[in-house]
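Structure, as structure tokens:
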Amino acid sequence: MKLHEYQARDLLAKHGVPVTAGRVAATPAEARKIAEELGGKVVVKAQIHAGGRGKGRLVAQSDTADMYQKLISDPENYSGKVRGDRVGGVRLADTAEEAEQAAAAILGKHLVSIQTGPEGKLVKNVLVAEQTDIAKEYYLAAIIDGMQGCPLIMASAEGGQEIEVVAHNNPEAIVRMAVPAAAGYSPYIGRTLAARLGFTGDQADQFGKVVEGLYRTLMATDASLVEINPLALTADGRVVAVDAKLNIDDNALFRQKELAALRDLDEEDPLEVKAQQLGVANFIKLDGNIGCIVNGAGLAMATMDTIKLAGGEPANFLDIGTVNDPQRVVNAMKVILEDPAVKAILVNIFGGMARVDIIAQGVIEAHRQMKIDVPVVMRLVGTNLAEGEQLIKESGLPLIRANGLFEAAKKAVEAAGAA
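Per our numbering, numbering through the sequence shown is continuous, rising by one, with the last residue being 543.
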């Protein structure tokens with residue numbers, strides 16, 4: 125689950141990380157009031173779940189696709205600016221009146237950036253924060269490293285840009301330190317990172333406290349990522365977080381009730397939201413036209429790869445898991461059929477604990493409950509296969525059968541092309 129920048133800043137501050145003063149506003153009038161409290165010189169930032177806000181552009185919903193293509197093809201002439209006529213998602217204001225005007229230009233519009241896709245995202249709130257006289261920008265983040273099985277802290281003196289760019293152009297500039305799972309955080313980690321990045325004296329102490337606060341935020345929130353980019357060294361010698369990003373592990377939301385309440389469903393894909401509401405938790409929408417229902421994440425990935433190998437494009441990732449309830453299969457098909465791009469569905473089941481006859485019952489029941497106009501290809505192997513085959517035969521449904529995965533993928537691609 126992603127949080128907005130203003131929410132991430134609040135959580136970092138709660139755990140001892142200094143952040144620039146500021147608050148969220150939902151109206152231009154609120155933005156003006158906050159700017160007045162901060163002395164007038166502020167930055168106004170659109171709050172959406174996507175990066176590239178400053179270089180994005182604000183347009184009406186009807187113009188998002190056109191603007192997206194312009195940003196892709198000619199960013200130099202169309203990218204947003206912090207000042208001037210090309211209004212982007214981040215604006216600098218020198219007075220409270222300018223802050224109000226900036227908020228009015230941003231709120232209620234759709235922000236299109238390289239990361240939003242052609243549909244853009246509606247801006248409902250802006251963060252109004254004090255401007256910072258930045259002497260140097262750094263990058264700092266903490267993640268859960270699955271390979272090492274412990275938290276990992278990453279830092280770089282090349283902040284203020286996407287860390288992927290730094291990793292590609294100058295990977296040596298990224299410093300990594302694992303935090304032992306058993307021992308937990310120790311101050312030497314912050315001191316070591318500070319030295320590697322060139323901090324000395326009081327600024328090294330400040331940086332160490334930021335690193336510790338970052339780690340404590342990661343652990344307290346069950347986050348999979350906590351990122352500060354940029355972490356600023358100001359002209360007056362302060363080390364302060366200027367921007368923040370925080371993603372919470374969905375599997376931990378059952379014990380993070382307060383954080384779960386911060387979720388902004390409007391920022392998430394509607395199909396993914398519906399899937400979760402229907403109990404189809406492991407669903408991710410993609411851009412293809414072949415819907416996938418598969419048991420097991422590994423098999424789901426292999427199925428998508430095979431579809432691409434056969435010349436098609438998967439419309440989703442869907443791991444239906446161990447299914448002993450036909451309604452879950454029905455719900456999975458409901459979610460997939462909500463996507464107008466889907467032209468065929470591939471059901472690929474390797475039954476172990478998941479029973480093939482239950483999957484067959486679910487597919488049959490889905491046809492009873494809904495009008496399914498797209499072809500359905502089924503490849504079934506495993507527990508209770510004979511019983512499942514008998515159910516399908518007795519149903520009389522025009523399901524397309526396949527024995528092997530590649531055969532199933534080819535038939536799905538052909539069916540999608542003919543649909």
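Heads up, the beta-carbon is just placed ideally off N, CA and C, and yes, glycines get one too.
>> Assuming the contact rule is C-beta atoms closer than 8 Å, A532 and L370 should be a hit. Round their C-beta distance to whole Å, please.
In response: The Cβ separation is near 40 Å, so there is no contact.
> How many whole angstroms separate the CB atoms of A170 and V250, which I take to be in contact at a CB cut-off of 8 Å?
Replying inline: 6 Å
>> Using a Cβ-Cβ cutoff of less than 7 Å, which residues in the same chain neighbour E282 once the five nearest sequence positions on both sides are dropped?
In response: Y263, V290, N294 and A297
> Which stretch, first to last residue, makes up the beta strand (DSSP E) that contains K260?
Replying inline: I258 to D269
> Excluding five sequence neighbours on each side, which residues of the same chain lie with their C-beta closer than 6 Å to the C-beta of D373?
Replying inline: D346 and S348
> Among residues of its own chain, excluding the 5 on either side of V537, which ones have a beta-carbon nearer than 6 Å to its beta-carbon?
Replying inline: A434, G435 and G436
>> Please tell me whether A307 and A318 are closer than 7 Å, where the distance is taken between their beta carbons.
In response: no
> Which runs of the alpha helix (DSSP H) fall wholly inside the region 284-330 and span at least 4 residues, in chain order?
Replying inline: 287-293 and 311-321
> Going by alpha carbons, who is nearest to N440 out of P450, F407, D429 and Q330?
Replying inline: F407
>> Please classify S237 as buried or exposed, where buried requires at least 16 neighbouring CB atoms within 10 angstroms.
In response: buried
>> According to DSSP, G415 sits in a beta bridge with which residue or residues?
In response: I469
> In three-state DSSP terms, what is R147?
Replying inline: strand
> Taking DSSP as the reference, what is the three-state secondary structure of P438?
Replying inline: strand
> So what does DSSP say about K409, is it helix, strand or coil?
Replying inline: strand
>> I'd like to know if the region 360-370 and the region 325-345 are in contact, where contact means that at least 3 CB-CB pairs between them fall below 8 Å.
In response: yes
> Taking the C-alpha atoms as reference points, what is the distance between M425 and R503?
Replying inline: 15 Å
>> Could you check whether the region 192-202 touches the region 175-184, counting it as contact only if at least three pairs of C-beta atoms, one from each stretch, sit closer than 8 Å?
In response: yes
> What residue from L276, V505, V143 and E154 has the CA that sits closest to I313's CA?
Replying inline: L276
> What are the boundary residues of the beta strand (DSSP E) that includes N371?
Replying inline: K369 to I372
>> Using C-beta distances below 6 Å, list every residue in its chain close to L509, excluding the 5 sequence neighbours before and after it, in chain order.
In response: V480
> Run through DSSP, which three-state label would N249 get?
Replying inline: coil
> Near K535, which residues of its chain fall below 7 Å by C-beta distance, leaving aside the five closest residues on each side in sequence?
Replying inline: V501, I524 and A526
>> I'd like the list of long-range same chain contacts for T240, defined as Cβ closer than 6 Å, with 5 residues on each side in sequence excluded.
In response: A174
> Going by C-alpha distance, which of V459, L355, R340 and N419 is nearest Q400?
Replying inline: V459
>> Taking 6 Å as the limit between beta carbons, can you name the residues of its chain near V397, skipping five residues before and five after?
In response: L389
> Would DSSP call I524 helix, strand or coil?
Replying inline: strand
> How long is the line joining the alpha carbons of L529 and P499, rounded to whole angstroms?
Replying inline: 17 Å
> Which same chain residues, not among the five before or five after V471, have their C-beta less than 6 Å away from its C-beta?
Replying inline: I417 and M502
> Can you give the beta carbon distance from A490 to M457, rounded, assuming they're within the 8 Å contact cut?
Replying inline: 4 Å
> Relative to the C-alpha of Y339, which residue among G445, G520, A266 and H128 is closest?
Replying inline: A266
> Taking C-alpha atoms, which residue in G412, G212, N375 and M125 lies nearest to A465?
Replying inline: G412
> Helix, strand or coil: how does DSSP classify G506 here?
Replying inline: strand
>> I need the DSSP call for P499, collapsed to helix, strand or coil.
In response: coil
>> Under DSSP, the alpha helix (DSSP H) around E351 begins and ends at which residues?
In response: Per DSSP, E351 belongs to no alpha helix (DSSP H); it is in the beta strand (DSSP E), A347 to T358.
> Does DSSP put G486 in a helix, in a strand, or in coil?
Replying inline: helix
> Which residue spans inside the region 194-255 form an unbroken alpha helix (DSSP H) run of at least 4?
Replying inline: 199-202 and 220-230
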